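Participant:
2 protein chains.
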Amino acid sequence: MEREPTRVMVAVNESTIKGKPHPSISSKRAFEWTLEKMVRSNTSDFKILLLHVHVVDEDGFDEVDSIYASPDDFKDMRESNKSKGLHLLEFFVNKCHAIGVSCEAWIKKGDPKDVICQEVSRVRPDLLVLGSRGLGRFQKVFVGTVSGFCVKHAECPVLTIKRNADETPSDLADD
Amino acid sequence: MEREPTRVMVAVNESTIKGKPHPSISSKRAFEWTLEKMVRSNTSDFKILLLHVHVVDEDGFDEVDSIYASPDDFKDMRESNKSKGLHLLEFFVNKCHAIGVSCEAWIKKGDPKDVICQEVSRVRPDLLVLGSRGLGRFQKVFVGTVSGFCVKHAECPVLTIKRNADETPSDLADD
Numbered sequence: 001m002e003r004e005p006t007r008v009m010v011a012v013n014e015s016t017i018k019g020k021p022h023p024s025i026s027s028k029r030a031f032e033w034t035l036e037k038m039v040r041s042n043t044s045d046f047k048i049l050l051l052h053v054h055v056v057d058e059d060g061f062d063e064v065d066s067i068y069a070s071p072d073d074f075k076d077m078r079e080s081n082k083s084k085g086l087h088l089l090e091f092f093v094n095k096c097h098a099i100g101v102s103c104e105a106w107i108k109k110g111d112p113k114d115v116i117c118q119e120v121s122r123v124r125p126d127l128l129v130l131g132s133r134g135l136g137r138f139q140k141v142f143v144g145t146v147s148g149f150c151v152k153h154a155e156c157p158v159l160t161i162k163r164n165a166d167e168t169p170s171d172l173a174d175d
Numbered sequence: 001m002e003r004e005p006t007r008v009m010v011a012v013n014e015s016t017i018k019g020k021p022h023p024s025i026s027s028k029r030a031f032e033w034t035l036e037k038m039v040r041s042n043t044s045d046f047k048i049l050l051l052h053v054h055v056v057d058e059d060g061f062d063e064v065d066s067i068y069a070s071p072d073d074f075k076d077m078r079e080s081n082k083s084k085g086l087h088l089l090e091f092f093v094n095k096c097h098a099i100g101v102s103c104e105a106w107i108k109k110g111d112p113k114d115v116i117c118q119e120v121s122r123v124r125p126d127l128l129v130l131g132s133r134g135l136g137r138f139q140k141v142f143v144g145t146v147s148g149f150c151v152k153h154a155e156c157p158v159l160t161i162k163r164n165a166d167e168t169p170s171d172l173a174d175d
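Line order of the protein sequences matches chains A and B.
At position 82 of the first sequence (counting the first as 1) the number is 82 in the UniProt record's numbering, and the numbers step up by one without a gap.
At position 53 of the second sequence (counting the first as 1) the number is 53 in the UniProt record's numbering, and the numbers step up by one without a gap.
1. Where DSSP assigns a beta bridge to PRO23 of chain B, which residues make up the other side?
2. By the three-class DSSP mapping on this structure, what secondary structure does CYS156 of chain B have?
3. Are there 16 or more other CB atoms within 10 angstroms of the CB of ASP76 of chain A, so buried, or fewer, so exposed?
4. Applying a beta-carbon distance threshold of less than 9 Å, which residues of chain A neighbour TRP33 of chain B?
5. So which residues on chain A does ILE161 of chain B lean against when the C-beta distance must stay under 7 Å?
6. Of the residues B:PHE31, B:ARG7, B:ILE25 and B:PRO5, which one's Cα is nearest the Cα of GLU14 of chain B?
7. Report all residues from its chain with a CB closer than 6 Å to the CB of VAL143 of chain A; omit the five preceding and five following residues, and keep chain order.
8. Measure the C-alpha to C-alpha separation of GLY85 of chain A and LEU127 of chain A and round it to an integer number of angstroms.
9. Identify, in the order they occur along the chain, each residue of the same chain with its Cβ nearer than 7 Å to the Cβ of LYS45 of chain B, setting aside the five sequence neighbours on each side.
10. Strictly by DSSP, which residues pair up with GLU104 of chain B?
11. Using a Cβ-Cβ cut-off of 9 Å, state whether SER24 of chain A counts as contacting chain B.
12. Would you verify that the beta carbon of LYS152 of chain A is, or is not, closer than 9 Å to some beta carbon of chain B?
13. Can you list, in chain order, the residues of its chain with a C-beta nearer than 6 Å to that of VAL115 of chain A? Leave out the 5 residues immediately preceding and following it.
14. Would you please verify whether the beta carbon of SER121 of chain B is less than 9 Å from any beta carbon of chain A?
15. What would DSSP say about SER121 of chain A, mapped onto helix, strand or coil?
16. What does ARG40 of chain B reach in chain A if we use C-beta pairs closer than 8 Å?
17. Give every residue of the same chain whose Cβ lies closer than 7 Å to the Cβ of PRO125 of chain A, excluding the five residues on either side of it in the sequence, and list them in chain order.
18. Have a look at ALA69 of chain B and LEU88 of chain B and give me their C-alpha separation to the nearest angstrom.
19. Please say whether VAL55 of chain B and GLY131 of chain B have beta carbons closer to each other than 9 Å?
20. Specify, as a first and last residue, the run of the beta strand (DSSP E) that LEU128 of chain B falls within.
21. Among B:CYS117, B:ILE161, B:VAL93 and B:VAL12, which one has its Cα closest to the Cα of ARG133 of chain B?
22. Rounded to whole angstroms, how far is the Cβ of GLY100 of chain A from the Cβ of THR43 of chain A, which I believe are closer than 8 Å?
23. So, using beta-carbon positions, are LEU159 of chain B and VAL129 of chain B closer together than 9 Å?
24. Please confirm if SER15 of chain A has its CB atom under 9 Å from at least one CB of chain B.
25. When you compare the CB of SER27 of chain B with every CB in chain A, is at least one pair closer than 9 Å?
26. Less than 9 Å between CB atoms is the rule here; does ASP175 of chain A satisfy it with respect to chain B?
27. Take the Cβ of MET1 of chain A as the centre, count every other Cβ of all protein chains shown within 10 Å, and call the residue buried at 16 or more, exposed below.
28. Using 8 Å for Cβ pairs, my map puts PRO112 of chain B next to ILE17 of chain B. What's the rounded Cβ distance?
29. Please check if any C-beta of chain B sits within less than 9 Å of the C-beta of LYS109 of chain A.
30. Which class does VAL141 of chain B belong to by DSSP, given the choice of helix, strand or coil?
31. Please name the residue, chosen from A:GLU104, A:LYS47 and A:ARG122, that lies closest to LYS37 of chain B on a Cα-to-Cα basis.
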């Protein structure tokens, strides 16, 4: 009898460090841990669901040097933002494909902590995996924490994975 | 090449509901989820490390009807507490044995949240699994939360698993 695969939702986002659409250190680490330590070679037992939440306000800062002269300029901006998210998902989908684990990936817009919990309620994964910067108490006050919120509110088990010490950037709030 | 198994530490404790040394609803659920959704049939890929933290103060309440007349009475009490923890671990070890996944189990004494984090630092598991009552904000103020502390402070990825709605006892603080 073929058992249903364990459906693992991994929330991924972009790095705040570079201008390019690289995955963040913490989401890349969470994804790689999941494949290496949980999926291992049992690829047919798992399905990876990749969710990227596109934060509109944050991306707005990328556009401060742009000139908006027509409605089309805004359309271009939206296209550019969209392709940024797609590029990010492509990175993770390629990795899944390379090791032969099935996956699905999609983009939603909004506040990451709210959207992640909404998508968990809608998609009903067996597990939600979140990368975390692993900041101390003091930093958390200022930068907020998606993982803390989701551990409390997501309607499924939540796996929180901190960055390795040797991957931590000089500015702890960066990722 | 034989790869090292993924070492999963599961913190287990006793139910607060019955007088008998049954596992708590949340730690039983966390353990069963781990076997069903992560280990699945890949038993040789995982090793389960079972940690029971014996809370000395809390158990003291069981002894209010006892009469202590000699040092031996206290020794008996300690033996009784010790065997309670052993009975609990036996439950989980038997389950691991039945499905053929290797395991180790041990008891430590102290404050669960501190001892769990200390044991993570000492044993270096790949993952820590914790059951959670999944209480709301208001209840948490009064009963405290081990999982919230460990998500922040444990030096390894942490998987938090809430009780199912249909397993929740009438007194939410019970487990």
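Built from N, CA and C at the ideal position, the CB exists for glycine as well.
Since this is a predicted model, take the numbers as computed values, not measurements.
Facilitator: Based on what the coordinates show:
1. To locate residue 23 of chain B, count along the second sequence from 1; it is residue 23. In DSSP, PRO23 of chain B forms a bridge with B:GLU14.
2. On the second sequence, residue 156 of chain B is found 156 positions in, with the first residue counted as 1. In the structure shown, CYS156 of chain B sits in coil (DSSP, three-state: anything other than H, G, I, E or B).
3. For the purposes of this step, residue 76 of chain A is taken as the residue at position 76 of the first sequence. So ASP76 of chain A counts as exposed.
4. Here residue 33 of chain B corresponds to residue number 33 of the second sequence, with the count starting at 1. Here the neighbours are ASP126, LEU127 and PRO157.
5. Residue mapping note: residue 161 of chain B aligns to position 161 of the second sequence, counting from 1. Those within 7 Å of ILE161 of chain B in chain A are PRO157.
6. As a working note, residue 14 of chain B is residue 14 in the second sequence. Per the Cα distances, B:ILE25.
7. For the purposes of this step, residue 143 of chain A is identified with residue 143 of the first sequence, where counting begins at 1. Low local confidence applies: a pLDDT of 49 at VAL143 of chain A is under 50, so the model's placement there is unreliable, and no value is given.
8. Looking up residue 85 of chain A in the first sequence gives position 85. Looking up residue 127 of chain A in the first sequence gives position 127. So the two alpha carbons sit approximately 23 Å from each other.
9. Working through the second sequence from its first residue, we reach residue 45 of chain B at position 45. Reading the sequence as shown, one finds Asp at residue 45 of chain B and not Lys. The residues are PRO5 and THR6.
10. The residue labelled residue 104 of chain B in the question sits at position 104 within the second sequence. Answer is B:LEU49, bridged to GLU104 of chain B.
11. Along the first sequence, read from residue 1 onward, the residue named residue 24 of chain A stands at position 24. Judged by the 9 Å Cβ criterion, SER24 of chain A is not in contact with chain B.
12. Counting from one through the first sequence, the residue named residue 152 of chain A turns up at place 152. Yes, its Cβ sits closer than 9 Å to a Cβ of chain B.
13. As a first step, residue 115 of chain A is located in the first sequence; it is residue number 115 there, counting from the start. Closer than 6 Å at Cβ, skipping near neighbours: VAL53 and LYS108.
14. Against the second sequence, residue 121 of chain B aligns to sequence position 121. Chain A contact via Cβ: absent.
15. On the first sequence, position 121 is the one that residue 121 of chain A refers to. Helix, per DSSP.
16. Here residue 40 of chain B refers to the residue found at position 40 when the second sequence is read from its first residue. ARG3, THR6, ASN42 and ASP45, listed in chain order.
17. Numbered from its first residue, the first sequence carries residue 125 of chain A at position 125. So the qualifying residues of the chain are ARG7, VAL8, MET9, LEU49 and CYS156.
18. Your numbering for residue 69 of chain B matches position 69 in the second sequence. Your numbering for residue 88 of chain B matches position 88 in the second sequence. Each residue's Cα considered, the two are about 29 Å apart.
19. Taking the second sequence and counting its residues from 1, one reaches residue 131 of chain B at position 131. Taking the second sequence and counting its residues from 1, one reaches residue 55 of chain B at position 55. Going by C-beta atoms, GLY131 of chain B is not nearer than 9 Å to VAL55 of chain B.
20. For this step, residue 128 of chain B is matched to residue 128 along the second sequence. The continuous beta strand (DSSP E) containing LEU128 of chain B extends over residues 127-132.
21. Counting from 1 along the second sequence, the entry for residue 133 of chain B is found at position 133. Of B:CYS117, B:ILE161, B:VAL93 and B:VAL12, the smallest CA-CA separation from ARG133 of chain B is found for B:ILE161.
22. Numbered from 1 along the first sequence, position 100 holds the residue referred to as residue 100 of chain A. Numbered from 1 along the first sequence, position 43 holds the residue referred to as residue 43 of chain A. Right, the Cβ-Cβ distance comes to about 5 Å (below 8 Å), so this counts as a contact.
23. Working through the second sequence from its first residue, we reach residue 159 of chain B at position 159. Working through the second sequence from its first residue, we reach residue 129 of chain B at position 129. In this structure, VAL129 of chain B lies closer than 9 Å to LEU159 of chain B by Cβ.
24. Indexing the first sequence from 1 puts residue 15 of chain A at position 15. So no, SER15 of chain A is outside the interface.
25. By one-based count along the second sequence, residue 27 of chain B stands at place 27. Taking Cβ atoms only, chain A never reaches closer than 9 Å to SER27 of chain B, which makes this a no.
26. Residue numbering aside, residue 175 of chain A sits at position 175 when the first sequence is read from its first letter. False, the Cβ-Cβ gap to chain B never drops below 9 Å.
27. Here residue 1 of chain A refers to the residue found at position 1 of the first sequence. Bear in mind that a pLDDT of 46 at MET1 of chain A, under 50, signals an unreliable position, so the number given afterwards is only what the model happens to contain. The residue is exposed, with fewer than 16 neighbouring Cβ atoms inside 10 Å.
28. Here residue 112 of chain B refers to the residue found at position 112 of the second sequence. Here residue 17 of chain B refers to the residue found at position 17 of the second sequence. Not confirmed; about 18 Å, so no contact.
29. Taking the first residue of the first sequence as 1, we reach residue 109 of chain A at position 109. Not closer than 9 Å to any Cβ of chain B, the Cβ of LYS109 of chain A fails to qualify, so no.
30. For the purposes of this step, residue 141 of chain B is taken as residue 141 along the second sequence, with counting starting at 1. Summary for VAL141 of chain B: the model assigns pLDDT 49, below 50, so the residue's position carries little reliability; its value from the coordinates is reported in the next sentence. Helix at VAL141 of chain B.
31. Start at 1 with the first residue of the second sequence, and residue 37 of chain B comes out as number 37. Across the set A:GLU104, A:LYS47 and A:ARG122, the C-alpha of A:LYS47 shows the shortest separation from the C-alpha of LYS37 of chain B.
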